[in-house]
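Novice: Submitted below is the structure of interest, expressed as structure tokens.
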Amino acid sequence: MSRDCCLWDGVICDEFTGHVIELDLSCSQLKGIIDSNSSLFQLSYLQRFNLSFNSFRSSEISPLFGRFSHLTHLDLSYSHFTGQIPSEISHLSKLQFLYLSSNTMLSLGPHNFKLLLQNLTQLRELDLTTVNISSTIPLNISSHITTLMLAGTGLHGALPESIFHLPNLEILDLRINFQLSGYFPKTKWNNTASLRELYLSAVNFSGDFLPESLGYLTSLQRLKLEFCNLSGPVPESLWNLTRIVFLDLHGNNLEGPIPLFISGMQNLEILSLSNNSLNGAIPSWVFSLPLLREMYLKDNHFSGQLEDFKSNTLVKIALGGNQLQGHLPKSIQNLVNLTLLHLSSNNFSGIVDISFFSNLKQLIDLDLSYNSISLTNDNNVKSTLPESLTHLSLSDYEVNELDFLRSAKNLRFLDLSNNKIQGIIPDWAWSNWMYSLNSLNLSHNMLTSFDHIYLLPLYAIDLRSNFLQGSLPIPPPCVGLFFISNNSLDGEIPSFFCNLTSLIVLDLARNNLKGAIPQCLGNMSDRLEVLDMQHNSLSGNLQITFRVGSGLKSFNLHGNKVEGKIPKSLANCKELEVLDLGNNHLNDTFPMWLGTLSKLQVLSLRSNKLHGPIRASRTKNLFPHLQILDLSCNAFIAELPTSLFHHLKAMRRIDQTIKVPSEDRYYEDSVTVVTKGLELEVVRILSLYTTMDLSNNKFEGHIPSVLGDLISLRVLNLSHNGLEGDIPPSLGNLSLVETLDLKYNQLSGEIPKQLASLTYLAFLNLSHNHLQGCIPQGRQFHTFENNSYEGNDGLRGFPISEGCGSSRMPETNNATRVLDEESTSEFLNDFWKGALMGYASGLIIGLSIAYFMLSARNPNWLSWIVEELEHKIIMKRRKKQRAHQRYYRR
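Below, the structure written as structure tokens:
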């Protein structure tokens with residue numbers, strides 16, 4: 002009470018009245034709840050109030066904020082307020098600056114959002130970034146607005162074009178509103194002289210072109226339009242924006258070249274055009290921009306040689322994933338400020354000595370993988386690489402030794418995969434990287450042995466496809482991703498692996514591991530997602546007990562010698578997507594209880610000793626996401642499981658969405674399937690294949706018509722069973738099916754004509770049944786040969802006989818006419834010659850000329866030529882199919 006509060010830090014008073022008019026408590030470490038009876042709300046003359054960067058995690062914004070009727074500035078950003086923004090805020094009619102950004106637990110309903118914009122007519126700057134609004138954008142936005150920041154607020158619907166014409170707008174940020182769509186104005190914008198920053202990343206401008214009108218924004222300094230689904234070329238006018246500092250258009254569908262000559266962009270500091278379809282040479286002006294610091298042009302179609310870098314301001318260069326060629330420019334050595342250099346996946350060639358990079362003392366990240374460059378260390382320089390280097394990728398770089406890494410003691414990420422490194426890792430490497438290396442990829446080399454991996458912080462290690470022998474090497478305790486498949490390791494799996502509590506992926510596939518699987522693997526951390534031990538020689542009973550709450554997504558034991566029953570504790574793995582226990586010695590009945598795993602997409606139990614009928618279950622909604630079901634080569638009996646087929650919802654719909662695997666996905670599932678008569682290993686199976694293989698069992702009875710409802714099937718194999726009766730016509734509904742194999746059954750009746758409509762059918766085998774009648778004709782059925790039908794004595798028609806319907810060559814008025822290959826060619830030449838004579842005046846006239854020319858020679862020419870062309874197409878398809886079969890056999 003003895004001090005004047007107007008002298009306190011953050012308090013400003015009116016010098017005449019003494020009333021507090023400004024209160025700045027930002028960054029004051031305040032926390033807790035603001036009570037409604039706080040004396041704060043008695044400051045009725047307050048004009049500016051700043052509570053940003055505090056921690057009011059349990060507090061809502063009080064409706065009493067509406068009492069500050071004189072308020073012009075309110076800043077509550079980064080203070081962790083929760084709940085709804087009260088409607089009373091919209092009563093602050095004098096408010097000009099409102100900042101509520103980065104309060105991720107804060108929401109503003111659509112109604113209050115409209116009230117806010119409708120009532121605050123004096124508003125100049127509005128920042129609601131990451132506040133949950135979930136609304137369309139109202140049209141009643143104040144014409145005084147200069148800054149409108151609504152990024153990540155859940156906006157949806159159409160972006161009104163009027164927002165681009167706000168007369169005083171300087172900053173517009175609508176980024177990361179994935180359900181917001183719109184189009185750019187095609188004419189001159191009203192605010193061309195004022196707009197400085199435009200951020201529309203991830204707003205959907207589907208199919209829209211970048212308009213020439215962007216070139217009128219002469220004050221524009223920052224433009225971010227990445228992942229906007231924009232198409233077409235970059236307009237010429239955009240390259241002449243003289244004040245632009247930051248240009249980001251990456252992740253669109255832009256195409257065409259960059260202009261060879263421009264007059265603007267001399268202030269450009271960051272250029273990002275990655276992940277587009279731009280082509281041609283990278284023009285020399287790009288390398289000469291005086292202020293350019295970051296250049297991102299990766300994953301396009303740029304070609305030609307790199308120009309010399311003339312600007313030493315560059316800090317980051319990313320040009321990977323193009324078709325650039327030639328030698329690396331020597332001018333790279335002059336970029337002394339460079340921290341990142343990515344040139345991978347191009348066509349660069351020549352010999353590069355590692356000392357080439359020794360002058361780049363600031364270099365942190367270097368990626369030269371997948372080029373035609375040979376690395377040498379001929380100069381034997383002791384300090385070959387900058388000590389600053391933390392990320393190094395030299396995959397497929399013809400590296401055969403590690404000596405050049407002696408000076409790299411701060412490496413965190415090292416990728417030397419697909420090289421020729423032999424023998425063992427030297428001791429100096431372990432000591433250099435002991436406390437720094439976090440990710441090591443030495444896959445696809447010629448390493449022969451590892452005893453122990455002496456890297457304490459190592460999280461990811463990839464040793465796949467080497468020549469490693471002996472026992473499994475012991476990884477460090479903190480490892481999360483451990484790949485050591487495709488080697489020649491033997492011995493048993495040590496129980497030590499059960500102590501790796503950080504493990505997410507354990508890939509031991511394709512080795513010579515023996516013995517029983519440690520039971521404790523089922524009790525590993527809930528973080529374990531992938532357990533892959535396929536193609537080893539593991540044996541004994543499968544006695545793993547999986548704990549409740551297991552996070553396992555993929556479990557693959559394919560191709561071992563495991564016995565016993567399928568562990569019922571797998572029902573605890575609620576996240577399981579892939580289960581492959583095929584090619585073992587399991588002796589059990591069908592595990593219908595696995596159907597309760599709602600995320601299961603792949604179930605392969607092929608080539609075991611499973612037996613008995615597949616009984617119906619009263620449980621509802623079984624196997625709702627199953628896409629691959631392989632029960633082949635077992636001893637199942639009785640009728641096909643009709644009740645199970647009714648459950649398979651994922652097979653009953655065609656998913657039109659394209660599932661693009663993530664670039665940083667660390668593991669790709671694979672499974673062995675039989676398709677088109679061949680056994681193939683399919684990778685990325687979860688997004689590409691839908692199959693059902695019940696072959697080589699003892700199923701009896703009829704093929705149920707409900708199979709025709711599984712319209713997403715690409716492979717259906719019911720061969721080598723005891724099925725009888727007709728082939729159901731409903732199989733003609735399988736519009737995507739590529740393989741249909743019903744051979745070696747007791748099927749009878751005719752082949753349904755509906756099967757002729759299956760346009761994707763590439764492999765059909767109905768051999769060794771009791772089918773009869775005419776073989777359907779047309780479309781894919783013209784491509785199948787005799788072996789698709791052999792062992793069915795009652796069948797007739799093409800290709801096994803000429804006894805069904807009209808033959809390929811129709812009768813003509815001239816009974817003695819037989820066209821050989823030469824006359825056929827002449828006849829077709831006359832047809833096209835006549836058609837092309839009228840090309841200049843139109844195709845219809847040309848076809849008319851052809852008609853009169855050929856009618857004089859043969860009145861039935863039209864039906865004959867259609868028949869002849871169809872025959873040629875059929876023969877071409879057969880030839881192509883045989884070539885494919887030869888390829889897959891190889």
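460 is the number that our numbering gives to position 459 of the sequence shown; each next residue is one higher, with no gaps.
The beta-carbon is built from N, C-alpha and C at its ideal position, and this holds for glycine as well.
Cβ of isoleucine 776 within 8 Å of Cβ of tyrosine 790?
Specialist: Yes; because the gap between Cβ atoms is below 8 Å, this pair is in contact.
Novice: Could you pull the start and end residues of the alpha helix (DSSP H) that phenylalanine 114 belongs to?
Specialist: Residues 111-120.
Novice: For glutamate 399, collect the residues of the same chain with a Cβ closer than 8 Å to its Cβ; drop the 5 residues on either side in sequence, then sort them by chain order.
Specialist: Correct list, in chain order: Ile374, Ser375, Leu376, Asn420, Lys421.
Novice: Nearest-angstrom Cα distance between glycine 183 and phenylalanine 210?
Specialist: The alpha-carbon atoms of glycine 183 and phenylalanine 210 are separated by roughly 12 Å.
Novice: Which residue comes first and which comes last in the alpha helix (DSSP H) that contains aspartate 128?
Specialist: It is not in any alpha helix (DSSP H) - aspartate 128 instead sits in the beta strand (DSSP E) that spans 126-128.
Novice: Give me, in chain order, the residues of the same chain whose beta-carbon lies closer than 8 Å to that of serine 195; leave out the 5 immediate sequence neighbours on both sides.
Specialist: Thr147, Pro168, Asn169, Leu170, Glu171, Ser220, listed in sequence order.
Novice: Is alanine 651 helix, strand or coil by DSSP?
Specialist: Looking at alanine 651 - three-state DSSP - the assignment turns out to be helix.
Novice: With a threshold of 16 other CB atoms inside 10 Å of the CB of leucine 218, please say whether the residue is buried or exposed.
Specialist: Buried, since its Cβ has 16 or more Cβ neighbours within 10 Å.
Novice: Work out the CA separation of asparagine 141 and glutamine 119 for me, nearest whole Å.
Specialist: Between glutamine 119 and asparagine 141, the C-alpha separation is close to 6 Å.
Novice: Can you tell me which of the three DSSP states threonine 597 falls into?
Specialist: If DSSP states are grouped into helix, strand and coil, threonine 597 belongs with the helices.
Novice: Name the DSSP bridge partner or partners of phenylalanine 82?
Specialist: Phenylalanine 82 is not bridged to any residue.
Novice: Under the DSSP definition of a beta bridge, which residues are partnered with tyrosine 200?
Specialist: Beta-bridge pairing links tyrosine 200 to Asp174, Lys225.
Novice: Three-state secondary structure (DSSP) at lysine 331?
Specialist: Residue state, collapsed to three classes: helix.
Novice: Give the secondary structure of threonine 673 by DSSP, where H, G and I count as helix, E and B as strand, and everything else as coil.
Specialist: If DSSP states are grouped into helix, strand and coil, threonine 673 belongs with the strands.
Novice: I need the DSSP call for alanine 282, collapsed to helix, strand or coil.
Specialist: Of the three classes helix, strand and coil, the one that applies to alanine 282 here is strand, per DSSP.
Novice: What would DSSP say about glutamate 640, mapped onto helix, strand or coil?
Specialist: Here glutamate 640 sits in strand by DSSP.
Novice: Assign threonine 620 to one of two classes, buried (16 or more other C-beta atoms within 10 Å of its C-beta) or exposed (fewer than that).
Specialist: Under this definition threonine 620 is an exposed residue.
Novice: What beta strand (DSSP E) runs, 3 residues minimum, are completely inside the region 390-449?
Specialist: Within the region 390-449, the complete beta strand (DSSP E) runs of at least 3 residues are 392-394, 414-416, 440-442.
Novice: State yes or no: is the C-beta of leucine 341 within less than 8 Å of the C-beta of threonine 314?
Specialist: The answer is no: Cβ separation not under 8 Å.
Novice: Express the C-alpha separation of proline 458 and leucine 611 in angstroms, rounding to a whole number.
Specialist: Computed Cα separation, rounded: 45 Å.
Novice: So, using beta-carbon positions, are glycine 248 and leucine 231 closer together than 8 Å?
Specialist: Here the sequence assigns leucine to residue 248, which means glycine is not the residue at that position. It is not a contact, given that the beta carbons lie outside the stated cut-off.
Novice: What does the alpha-carbon distance come out to for the pair leucine 543 and methionine 534?
Specialist: Those two C-alpha atoms are separated by around 13 Å.
Novice: Quick check on this structure: which residue in Phe556, Ala639, His302, Ser278 has the alpha carbon closest to the alpha carbon of glutamine 1?
Specialist: Any property of residue 1 remains undetermined from this structure, which presents the chain solely from 2 to 891.
Novice: Could you spell out where the beta strand (DSSP E) holding phenylalanine 249 opens and where it closes?
Specialist: Correcting the residue identity first, residue 249 is aspartate in this sequence and not phenylalanine. Aspartate 249 -> beta strand (DSSP E) spans 247-249.
Novice: Within the 8 Å Cβ cut-off, does glutamine 773 reach chain B?
Specialist: Included in the structure is just one protein chain, with no chain B present.
Novice: Is DSSP giving alanine 904 helix, strand or coil here?
Specialist: Look at the range of the chain in this structure, 2 to 891, and you will see that residue 904 is not part of it.
Novice: Thinking just about the alpha-carbon of each residue, which of His626, Ser605, Glu89 is nearest to the one in valine 675?
Specialist: The option with the nearest alpha carbon to valine 675 is Ser605.
Novice: Spell out the partners DSSP gives methionine 150 in its beta bridges.
Specialist: Paired residue(s): Asp128, Asp174.
Novice: So the candidates are Ser472, Cys479, Phe483, Pro477; which of them puts its Cα closest to the Cα of glycine 492?
Specialist: Minimum Cα distance to glycine 492 is reached at Ser472.
Novice: So, for serine 911: in the same chain, excluding its five sequence neighbours on each side, which residues have a beta-carbon less than 6 Å away from its beta-carbon?
Specialist: Residue 911 falls outside the range modelled here, since the chain spans only 2 to 891, and no answer is possible.
Novice: Could you name the residues of the same chain whose beta carbon sits closer than 6 Å to that of histidine 648, not counting the 5 residues immediately before and after it, in chain order?
Specialist: Answer for histidine 648: Leu623, Phe624, listed in chain order.
Novice: Let me know the beta strand (DSSP E) ranges lying completely inside the region 542-568, each 3 residues or longer, listed in chain order.
Specialist: Segments of the beta strand (DSSP E) lying fully in the region 542-568: 555-557, 562-565.
Novice: Restricting to Cα atoms, I'd like to know which of Leu320, Gly33, Thr193, Val716 is closest to histidine 251.
Specialist: When only C-alpha atoms are compared, the closest one is Leu320.
Novice: For a test of the three-state rule: what should DSSP assign to asparagine 348, helix, strand or coil?
Specialist: If DSSP states are grouped into helix, strand and coil, asparagine 348 belongs with the strands.
Novice: So, at 8 Å on beta carbons, what are the nonlocal neighbours of arginine 653 in its own chain, with the 5 sequence-adjacent residues on each side left out?
Specialist: Cβ neighbours of arginine 653 beyond the five flanking positions: Asp710, Leu711, Ile712, Ser713.
Novice: Looking only at its chain, what residues have a beta carbon closer than 6 Å to the beta carbon of aspartate 665, apart from the 5 residues adjacent to it on each side?
Specialist: Because the pLDDT of aspartate 665 is 45, which lies under 50, any placement of that residue in the model is unreliable, and the question is left without a value.
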